[in-house]
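To start, the structure under review is shown below, and the notes come after it.
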Amino acid sequence: MQERQPKKEHFVRDERSLEGLMSCHTISEENARWLPNGSILNNEWSIQSLVRKNSYSQEYGGKNLKTDKPVSIRLTRVKRHQHSWLAMDIGVSSKMTGKEHFATIYDFGHHGNYHYVVGEPTGPTLAELCKENPKKRFSETTVFLIGIDMIEATQSLHQNGFLHRNIKPSNFVVGSRSRTVRKLYIRNFGTCRAYCADNGEVHPPRTTTHFYGDCVYSSADCLRRRECGRKDDFWSVLYIMIKMAVGHLPWESVIDPIQIAEMKETISNEQLLNGCPPEMDIIRRHVSSLNYYSCPDYSGMIEVLEVGLKRRGANRQSKLDWELSSD
Numbered sequence: 001m002q003e004r005q006p007k008k009e010h011f012v013r014d015e016r017s018l019e020g021l022m023s024c025h026t027i028s029e030e031n032a033r034w035l036p037n038g039s040i041l042n043n044e045w046s047i048q049s050l051v052r053k054n055s056y057s058q059e060y061g062g063k064n065l066k067t068d069k070p071v072s073i074r075l076t077r078v079k080r081h082q083h084s085w086l087a088m089d090i091g092v093s094s095k096m097t098g099k100e101h102f103a104t105i106y107d108f109g110h111h112g113n114y115h116y117v118v119g120e121p122t123g124p125t126l127a128e129l130c131k132e133n134p135k136k137r138f139s140e141t142t143v144f145l146i147g148i149d150m151i152e153a154t155q156s157l158h159q160n161g162f163l164h165r166n167i168k169p170s171n172f173v174v175g176s177r178s179r180t181v182r183k184l185y186i187r188n189f190g191t192c193r194a195y196c197a198d199n200g201e202v203h204p205p206r207t208t209t210h211f212y213g214d215c216v217y218s219s220a221d222c223l224r225r226r227e228c229g230r231k232d233d234f235w236s237v238l239y240i241m242i243k244m245a246v247g248h249l250p251w252e253s254v255i256d257p258i259q260i261a262e263m264k265e266t267i268s269n270e271q272l273l274n275g276c277p278p279e280m281d282i283i284r285r286h287v288s289s290l291n292y293y294s295c296p297d298y299s300g301m302i303e304v305l306e307v308g309l310k311r312r313g314a315n316r317q318s319k320l321d322w323e324l325s326s327d
């Protein structure tokens with residue numbers, strides 16, 4: 001991993017934050033936070049409101065002390081076994097920064113016992129948006145639109161030599177400004193793996209691997225600790241689309257990973273896609289046809305969803321459910 005290089009900021013100016021959309025995603029300050037309000041990182045970034053947290057990271061709203069522009073700040077506890085995870089996260093983030101569906105990274109480093117990453121401000125996660133929807137699911141138009149964004153984001157990551165291996169709704173966020181609230185950004189790259197050499201040749205699969213993903217959204221092969229390939233990222237994309245379309249997945253209440261893998265391997269197509277639009281079965285059939293070395297037909301899957309939008313009188317400019325709810 002190379003030493004950090006200074007990066008210029010690329011703030012989008014003359015755009016207002018969508019305060020109504022963001023306000024409900026600030027956690028009450030009475031929740032335990034790792035650093036107090038006003039903490040300064042690298043003499044440049046001020047930590048403000050706590051936005052979301054889990055056992056290993058916390059995300060804050062913040063600002064640039066020189067320009068007063070808003071930023072997003074993610075803190076991660078630094079533990080010895082996480083060093084390779086942090087190196088991968090920063091390496092992929094730095095390589096992909098500013099590309100379509102990837103947030104711009106401004107700075108990163110260490111502050112006490114924490115590793116921090118400063119980037120452009122983003123909005124709620126896909127998981128949060130779905131949870132806030134009264135139906136706990138999205139319309140078919142919205143499912144197709146977020147499906148297209150997820151395919152494009154995953155394709156870009158693959159074309160730059162990486163698998164994500166932990167694709168799930170909480171690893172997609174929307175933009176925080178009026179012109180980016182329609183766009184999904186993929187994030188959290190600590191579980192990524194370089195799957196090919198510089199010449200594009202795919203590395204042979206290992207006999208067994210560790211499991212890094214989310215049991216609900218990972219493929220059966222990943223759950224069985226077989227080497228993940230590009231196809232496995234797309235099983236995760238498909239499972240997200242099913243979840244967003246009908247509000248649940250058949251194995252969500254199951255805890256044992258092997259039992260979940262067995263359910264994914266044996267479930268009928270009718271049961272898996274019950275309540276889903278037919279276009280999703282076309283995508284399922286394509287993903288099912290792939291092997292470890294296969295390159296997914298990214299453009300073909302996007303075309304299926306674009307045709308599906310057209311059949312419903314919609315297009316890629318149609319409003320998403322969370323835009324309609326904020327009107």
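Sequential numbering from 1 applies to the sequence shown in the UniProt record's numbering.
Glycine included, C-beta positions come from ideal geometry on N, C-alpha and C.
Would you list, in sequence order, the uninterrupted alpha helix (DSSP H) runs of no fewer than 4 residues that lie entirely inside the region 207–286? 220–223, 230–246, 257–266 and 269–272
In or out: residue 321 buried (at least 16 other Cβ within 10 Å) or exposed? buried
Could you have a look at residue 324 and say whether DSSP puts it in helix, strand or coil? helix
Of the listed residues 33, 66, 63 and 71, nearest to residue 77 (C-alpha basis): 33
Using a Cβ-Cβ cut-off of 7 Å (strictly less than) and excluding sequence neighbours within five positions of residue 27, which residues of its own chain qualify? For residue 27, the predicted model reports a pLDDT of 49, less than 50, meaning its position is unreliable; a value from the coordinates is still stated below. 50, 51, 52 and 53, listed in sequence order.
In chain order, which continuous runs of the beta strand (DSSP E) of length 3 or greater are located wholly inside the region 61–117? 70–77 and 105–111
Of the residues 160, 186 and 222, the one placed nearest residue 195, counting alpha carbons only: 160
First and last residue of the beta strand (DSSP E) that includes residue 53? 45–53
In angstroms, rounded to a whole number, what distance separates the CA positions of residue 154 and residue 57? 23 Å
N- and C-terminal bounds of the beta strand (DSSP E) containing residue 186: 184–186
Within 8 Å, do at least three Cβ pairs link the region 129–142 to the region 90–108? no
Quick check: what's the CA-CA separation for residue 224 versus residue 292? 14 Å
Quick one: what's got a C-beta closer than 6 Å to residue 310's C-beta in the same chain, skipping five residues either side? none
To which residues of the same chain is residue 287 closer than 7 Å at the C-beta, ignoring the five residues directly before and after it? 231, 234, 235 and 238
Within 10 angstroms of the Cβ of residue 66, are there 16 or more other Cβ atoms? Answer buried if so, exposed if not. exposed
Close beta carbons around residue 312, own chain, < 7 Å, minus the five adjacent residues each side: 140 and 141
Applying the criterion that 16 or more other CB atoms from any shown protein chain within 10 Å of the CB defines a buried residue, is residue 6 buried or exposed? Note that residue 6 has pLDDT 37, beneath the 50 cutoff, so the model's placement of it is unreliable and no number is given.
Give me, in chain order, the residues of the same chain whose beta-carbon lies closer than 7 Å to that of residue 241; leave out the 5 immediate sequence neighbours on both sides. 143, 147 and 280
Tell me whether residue 162 sits in a helix, a strand or coil according to DSSP, three-state version. strand
Report buried or exposed for residue 168, applying the criterion of at least 16 other Cβ atoms within 10 angstroms of its Cβ. buried
What do you reckon, are the CB atoms on residue 175 and residue 123 nearer than 8 Å? yes
Give the DSSP-derived three-state secondary structure of residue 123 in the structure shown. strand
Could you give the first and the last residue of the continuous alpha helix (DSSP H) run that contains residue 308? 298–311
Classification of residue 218 by the beta-carbon crowding that lies within 10 angstroms, buried from 16 upward: buried
Can you give me the C-alpha to C-alpha distance between residue 254 and residue 297, rounded to a whole angstrom? 32 Å
Between residue 260 and residue 192, how many whole angstroms is the CB-CB distance? I'm expecting something under 8 Å. That pair is no contact at about 23 Å.
Apart from the five residues on each side of it in sequence, which residues of its chain come closer than 7 Å, Cβ to Cβ, to residue 276? 242, 245 and 246
Give the straight-line distance between the Cα atoms of residue 307 and residue 35, rounded to the nearest whole angstrom. 48 Å
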